[in-house]
Amino acid sequence: MTDRTRRDVIAAAGATASLTLAGCLGGGDSGTEADAVALADHPLGENLDDWPHLGPDPFEAPATLVVLDDPSCSRCAAFHQNTIAELESEYVARGELAIAVRPYPVVYAWGEPAAHALEATQARDDTAFWDLLDHYFAEQSSFGTDNVLAKTETWLGDNTDLDATAIVDDARSEAFADRINATLSAGEEAGAGDITPATFAFVDGTLKTSFNGSQSTASITTALEL
Amino acid sequence: MITERLPTRGEDLRLIGRTMRLVLSIPAYAVFAVLAAATSLTLFSLSQNLTLTADLIVGGSLPLADRLVLVVEQYPFIGTNYSPVDGAALLLVVSLVGANLALVVYHLREHDLSAAGSGGSLLGVALGVLGAGCAACGSAILLGVLSLFGASGLVLLLPLGGLELSLLAVVALLLSTYWVADGMRGGEIQGCPITVD
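Those sequence lines, one after another, are chains A and B.
Under the numbering used here, think of the first position of the first sequence as 2, with each following residue one higher.
Under the numbering used here, think of the first position of the second sequence as 60, with each following residue one higher.
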């Protein structure tokens, strides 16, 4: 079922509920949409070009998602494996949507060294960043603070042409701590707190809203009016 | 003795089941229970996304149909916010909230008695809100409450990642339901005695 069809079905099925909900939810233009903050002025927009993204330039795209992910967060894994994958194959592929991701380690302890490894990897190769992130999500249950960097080194050695030892050395020495701290500060300033995935949605370069958790494709596309 | 106020025997659980069944067999109370459960589900689900709710569901300029889509997509098993286990736990909690509130209202209206035992309902609702969703990955309300005590990382130490709160909500709601049902023991619902043999 397409998103549009799904929306229509839900809307029709909700006709009765709308009688109840309309009074609570409002139905006109009098509400308060997110403050009109431009992506360039948003805390997460600062130096956003330094982080990897899918699709068109996040500052030029018709719609942009900035996603804060913790590699150890199970709902982040679900969000990427389902919603992001669906958005990528349709809306990103058509150039209608850009998706930028910034590692945001706030959940389990092993997420922090993993985030450092992601930053060290991305400094060398964007594609390997996405592959490593997918690997962390796919194998979450096998990682802990005691093995995450060793397993990362093995995986990078087996699956990329990068210098896996150098990447893991950078992760151990926290060579990219400034980038992690910049994202943590920006996330806090933006109101993400300790919740992941935290997704900030921009339309035509202006903040529309933000989401907590692994939102569905229909939810994202409805909010962005795609 | 406090144990006299706890459902420790099989017949206590049967009392809960029989009282629920009798009350919910009355169409008006069944409809009330369903509406209370649906309202609870909506409030629990939207509490996880207060910014989205304020920006686009209550505020903003989206058509009503799109606002409804955003509401419905926050529900477990329709949207993707909840794992199957978390979603099932949330549905169990809201079902119990609906049945529990129907019993409390029946008790108040038909027996003209006090709301004894309904304190457990409030506790169950509160725990249900706190435990909704993946608490480890961040429940907006739960983390807000815990951060007041500087303990927002505490939930990560729980073996089930915060699902424990939903299970506590189930226990609180069952206790509340038992206390209400116990208070109705010996009475009748539509001519049927509230007793278990």
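Even for Gly, the Cβ is constructed at its ideal location relative to N, Cα and C.
All of these numbers come straight from a predicted model, not from anything done at the bench.
Taking 9 Å as the threshold (beta carbon to beta carbon), is residue i in contact with chain A?
i, result
"S142(B)", "yes"
"L100(B)", "no"
"E132(B)", "yes"
"V128(B)", "yes"
"G221(B)", "no"
"L149(B)", "no"
"L111(B)", "yes"
"L121(B)", "yes"
"G138(B)", "yes"
"N159(B)", "no"
"L115(B)", "yes"
Within this structure, are the beta carbons of residue i and residue j separated by less than 9 Å?
i, j, result
"T200(A)", "I221(A)", "yes"
"I181(A)", "H117(A)", "yes"
"A172(A)", "L150(A)", "yes"
"E97(A)", "P53(A)", "no"
"L185(A)", "Y105(A)", "yes"
"T223(A)", "D125(B)", "yes"
"L88(A)", "D126(A)", "no"
"L1(A)", "A191(A)", "Residue 1(A) lies beyond the stretch modelled for chain A, which goes from 2 to 227, so this question has no answer here."
"V229(B)", "L151(B)", "yes"
"A94(A)", "V128(B)", "no"
"T112(B)", "F80(A)", "no"
"A165(A)", "T146(A)", "no"
"I137(B)", "Y237(B)", "no"
"A121(A)", "A167(A)", "yes"
Hey, could you find the ends of the beta strand (DSSP E) residue i is sitting in?
i, result
"A101(A)", "98-104"
"L69(A)", "64-70"
"L208(A)", "207-213"
"C201(A)", "Residue identity check: residue 201(A) is Phe in the sequence provided, not Cys. Looking at the DSSP string, the run of the beta strand (DSSP E) that includes F201(A) is 199-204."
Alpha carbon to alpha carbon, how far is residue j from residue i? Give it in angstroms, no decimals.
i, j, result
"L149(B)", "L83(B)", "21 Å"
"F212(A)", "L94(B)", "27 Å"
"L167(B)", "F103(B)", "26 Å"
"L232(B)", "I85(B)", "21 Å"
"Q216(A)", "G56(A)", "20 Å"
"D179(A)", "A129(A)", "21 Å"
"A23(A)", "L123(B)", "Its pLDDT being 36, under 50, A23(A) is placed unreliably by the model, and the measurement read from it follows with that caveat. So the two alpha carbons sit approximately 8 Å from each other."
"P114(A)", "S142(B)", "26 Å"
"A240(B)", "S154(B)", "17 Å"
"E91(A)", "L227(A)", "11 Å"
"C74(A)", "V144(B)", "16 Å"
"A202(A)", "L225(A)", "7 Å"
"T210(A)", "G157(B)", "32 Å"
"W156(A)", "A99(A)", "28 Å"
"L66(A)", "T161(A)", "27 Å"
"E47(A)", "Y137(A)", "26 Å"
"S106(B)", "A193(A)", "15 Å"
"R77(B)", "A147(B)", "23 Å"
Tell me which same chain residues have a C-beta within less than 6 Å of the C-beta of residue i, skipping the five on either side of it?
i, result
"A97(B)", "none"
"V68(A)", "V102, P198, T200"
"G246(B)", "I253"
"G158(A)", "A165"
"N159(B)", "S180, L232, S235, T236"
I'd like to know whether the C-beta of residue i is nearer than 9 Å to at least one C-beta of chain B.
i, result
"K209(A)", "yes"
"G28(A)", "A caution first: G28(A) carries a pLDDT of 36, below 50, which makes its placement in the model unreliable, though a value can still be read off. Closer than 9 Å: yes."
"S142(A)", "no"
"E226(A)", "yes"
"F203(A)", "no"
"S90(A)", "no"
"F60(A)", "no"
"N213(A)", "yes"
"F80(A)", "yes"
"S220(A)", "yes"
"R76(A)", "yes"
"S217(A)", "yes"
"G145(A)", "no"
"N160(A)", "no"
Taking residue i as part of the alpha helix (DSSP H), name the residues at either end of that continuous run.
i, result
"S75(A)", "75-79"
"S154(B)", "143-169"
"G188(A)", "178-191"
"P86(B)", "86-106"
"G76(B)", "69-83"
"G221(B)", "Note, G221(B): premise wrong, no alpha helix (DSSP H); not H, not E."
"A124(B)", "123-131"
"I168(A)", "165-173"
"W131(A)", "127-139"
"T153(A)", "149-160"
"I1(A)", "One cannot answer for residue 1(A) here, as it falls past the ends of chain A, which runs 2 to 227."
"H117(A)", "112-123"
Note down, in chain order, each residue of its chain lying with its Cβ closer than 8 Å to the Cβ of residue i, except the 5 sequence neighbours on either side.
i, result
"Y88(B)", "V82, A161, V164, Y165"
"V38(A)", "T207, L208"
"C251(B)", "L81"
Within the same chain, show all residues whose beta-carbon is closer than 7 Å to that of residue i, passing over the 5 residues directly before and after it, in chain order.
i, result
"A71(A)", "First, the amino acid is wrong: residue 71(A) is Asp here, not Ala. So the list reads C77, Y105, P106, V107, V108, G112, T197, once near-sequence residues are dropped."
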